[in-house]
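Protein chains: 2
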Amino acid sequence: MIDTIDNHKSIRAYKTTPVEPDKLDVILTAATRASNTGNMQAYSIVVTQDTTLREKLWEAHFKQNMVRQAPVHLTFCADFNRFTKWCEQRKADPGYDNFLSFLTGTIDAMLAAQNAAIAAESLGLGICYLGTASWMADKLIEILHLPRLVVPILSMVVGYPDETPELTDRLPVTGIVHYEKYSDYEPSDINRIYCDKEALESTRELLKINGKESLAQIFTDNRYTRTDNRFFSRAFLQTLEAQGFMMNGD
Amino acid sequence: MIDTIDNHKSIRAYKTTPVEPDKLDVILTAATRASNTGNMQAYSIVVTQDTTLREKLWEAHFKQNMVRQAPVHLTFCADFNRFTKWCEQRKADPGYDNFLSFLTGTIDAMLAAQNAAIAAESLGLGICYLGTASWMADKLIEILHLPRLVVPILSMVVGYPDETPELTDRLPVTGIVHYEKYSDYEPSDINRIYCDKEALESTRELLKINGKESLAQIFTDNRYTRTDNRFFSRAFLQTLEAQGFMMNGD
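Protein sequences appear in the order of chains A and B.
Throughout the first sequence, residue numbering follows the numbering used here, covering 8 to 257 in sequence.
Throughout the second sequence, residue numbering follows the numbering used here, covering 8 to 257 in sequence.
See below:
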């Protein structure tokens, strides 16, 4: 069990073998058993297997190969639409059109997603999350017909692995964990926490290919730039507004 | 493995037995193996075991009994402080002071949290999440000394269970999952999805005690009211601003 968790590797190449319906059911059931806020289950999972729709999702997710290959595409959404409709049908006055409710739905959706990931891997399947879901939220809303009070947060492809990658490096646990209170990082802490990552052969190669002085520059200049982050921040906040999650009062 | 996931029950009464340090290490290591955005690991986990600090956290978390009882208190935070400091120390120009980065950190923190939850339960421990973390974010920031670009999202208590609750009801999987695209709910769908929950003996009792017509009214009038949701929405957005996550440009 903990072995499955500790040996997680994101899979970026998939066989054409379909995922058996009973395995998919096990994965989806596992997702719904996750803890969630007040048992409101403020999330939905859209399961897309149709080739034409997956092609559209592939385009939205920056045409990453694995999205086209993997037979199952899951989109985890914050969802207060179902709960709101239930309230309206039961003479109750729902107040879930605000930022806190969006955050609640996001938390619920992510705990469910990670249950699904672990269940899939324990069944011999591979998964890869797609962080592009929040970047391209408006596109996914269009493709998947997501109504008001539903916002996509994170996607995941599932299928049988066609590669056996090495375990990805992680920062030492002591770099992530703080005991009792948060101890802010001194320059020497930063050096200690990042030294193994910076010493990797793959890091050296990246620096050479990109002509950069430091791995950090590859993140700030190429992968996750200020310009992109600000652009997608504005886009996502507009999406929250458009989907009805920003009635925060004053 | 999937049994552990499917049999998850939130534990709200704990023995005084401490959590063994090696078990805690297994839980924290499992957390850090979770998928995360671009391997930036944009989150931190604060592990609080000190009695005086836990007392303060208990007060912040609406004095829920289990918070006082459980020997281990974990606070999962979105964290771009560490990554930003690393960039600054490596002549890279970090642009992570925006809403997208907050969302990224939230996603990373939640996947790590659920790994920790499953690892803990597979070791015979019990857990309970505390959604009050986002409601009381400013208080937790103060108690745990969280710096700029760090925001608490969700807390979890861990310890040996002193109760054996029944499995909590969940909506049917078909109420959560949509195939291919989102199919919006018709009134008959809502009735079907919620009928089992509404028929529970515990629901009938709740209605009697609270003098309400429907279970939905207990959510909208008592548990998660519009007034509270809006209040905590504004508070959380102010916290995001104060912690430096709202430089979205224009």
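Glycine included, each C-beta is placed from N, C-alpha and C at the ideal position.
For residue i, which of helix, strand or coil comes out of DSSP?
i, result
"P159 (chain B)", "strand"
"T232 (chain A)", "coil"
"D29 (chain B)", "helix"
"G133 (chain B)", "strand"
"Y186 (chain A)", "strand"
"G218 (chain B)", "coil"
"L81 (chain A)", "strand"
"Y201 (chain B)", "helix"
"I18 (chain A)", "coil"
"P168 (chain B)", "strand"
"G251 (chain B)", "coil"
"E212 (chain B)", "helix"
"E128 (chain A)", "helix"
"M117 (chain B)", "helix"
"T178 (chain B)", "Note that residue 178 (chain B) corresponds to Leu in the displayed sequence, not to Thr. Reduced to three states, the DSSP call for L178 (chain B) is coil."
"D257 (chain A)", "coil"
"N122 (chain B)", "helix"
"L207 (chain B)", "coil"
"E173 (chain B)", "coil"
"L147 (chain B)", "helix"
"D191 (chain B)", "coil"
"L153 (chain A)", "coil"
"D10 (chain B)", "helix"
"G112 (chain B)", "helix"
"D104 (chain B)", "coil"
Step through the CB atoms of chain B and report whether any lies within less than 9 angstroms of the CB of residue i.
i, result
"W65 (chain A)", "no"
"L110 (chain A)", "yes"
"M143 (chain A)", "no"
"L60 (chain A)", "yes"
"R211 (chain A)", "no"
"N1 (chain A)", "For chain A, the structure presents residues 8 to 257; residue 1 (chain A) sits outside this window and is missing."
"R230 (chain A)", "yes"
"A41 (chain A)", "yes"
"A77 (chain A)", "no"
"G171 (chain A)", "Checking the sequence, you will find Thr at residue 171 (chain A) rather than Gly. Not one chain B Cβ lies under 9 angstroms of T171 (chain A)."
"R177 (chain A)", "yes"
"S51 (chain A)", "yes"
"K146 (chain A)", "no"
"V54 (chain A)", "yes"
Within the 9 angstroms Cβ cut-off, does residue i reach chain A?
i, result
"F69 (chain B)", "no"
"I216 (chain B)", "no"
"M117 (chain B)", "yes"
"F203 (chain B)", "As written in the sequence, residue 203 (chain B) is Asp, which differs from the Phe given in the question. Closer than 9 angstroms: no."
"P168 (chain B)", "no"
"E220 (chain B)", "yes"
"L207 (chain B)", "no"
"V157 (chain B)", "yes"
"V33 (chain B)", "yes"
"R97 (chain B)", "yes"
"R199 (chain B)", "no"
Judging by CA-CA distance, which residue of the options is the nearest neighbour of residue i?
i, options, result
"T39 (chain B)", "A:D257, A:I197, A:L174 and A:V157", "A:L174"
"D13 (chain A)", "B:T111, B:D32, B:Y21 and B:E62", "B:D32"
"A37 (chain A)", "A:I183, A:K219, A:L156 and A:A116", "A:A116"
"A67 (chain A)", "A:D228, A:L161 and A:D203", "A:L161"
"R75 (chain B)", "B:N88, B:L107, B:V53 and B:R19", "B:R19"
"T82 (chain B)", "A:D145, A:G138 and A:K188", "A:K188"
"L137 (chain B)", "B:N255, B:Q245, B:M73 and B:Y231", "B:M73"
"Y167 (chain B)", "B:S141, B:C135 and B:T111", "B:C135"
"A144 (chain B)", "B:P154, B:G131, B:V158 and B:D257", "B:V158"
"F90 (chain B)", "A:A242, A:Y231 and A:T23", "A:Y231"
"F109 (chain B)", "B:C202, B:R97, B:W93 and B:S141", "B:S141"
"V184 (chain A)", "B:G182, B:Y50 and B:N43", "B:Y50"
"I221 (chain A)", "B:R97, B:V26, B:E62 and B:R233", "The sequence given here has Ser at residue 221 (chain A), not Ile. Here the closest residue by C-alpha is B:R97."
"M54 (chain B)", "B:T44, B:L153 and B:I125", "A small fix is needed here, since residue 54 (chain B) is Val in this sequence, not Met. Checked all of B:T44, B:L153 and B:I125; the closest Cα to V54 (chain B) is B:L153."
"E62 (chain B)", "B:L147, B:Q245, B:R241 and B:G45", "B:L147"
"I125 (chain A)", "B:E128, B:V164 and B:Q121", "B:Q121"
Between residue i and the ligand COA, is the CB less than 8 angstroms from at least one heavy atom?
i, result
"E128 (chain A)", "Looking for the ligand COA in the displayed structure turns up nothing, as the structure carries no ligands at all."
Practice task
Would you list, in chain order, the members of the region 14-29 of chain A that have their beta-carbon closer than 9 angstroms to a beta-carbon of chain B?
Solution key: Going along the region 14-29 of chain A in chain order, one finds N14, H15 and S17 with a Cβ nearer than 9 angstroms to chain B.
Handout entry: Start-end ranges of the beta strand (DSSP E) lying completely within the region 41-101 of chain B, minimum 3 residues
Key = 50-55 and 79-86
Handout entry: Contacting positions in the region 125-138 of chain B - beta carbon closer than 7 angstroms to chain A
Key = I125, A126, S129, Y136 and G138
Problem - Near-chain A residues of the region 234-252 of chain B (beta-carbon distance less than 7 angstroms), N- to C-terminal order - result: Of all residues in the region 234-252 of chain B, only N236, R237, F239, S240, R241, F243 and L244 place a beta-carbon less than 7 angstroms from a beta-carbon of chain A.
Practice task
With 9 angstroms as the limit, tell me which residues of the region 181-192 of chain A have their beta carbon closer than that to any beta carbon of chain B; keep them in chain order.
Solution key: G182, I183, V184, H185, Y186, E187, K188, Y189, S190, D191 and Y192
Exercise for the section: Give the residues from the region 79-94 of chain A that approach chain B closer than 7 angstroms (Cβ to any Cβ), ordered along the chain. Expected result: R89, K92, W93 and C94
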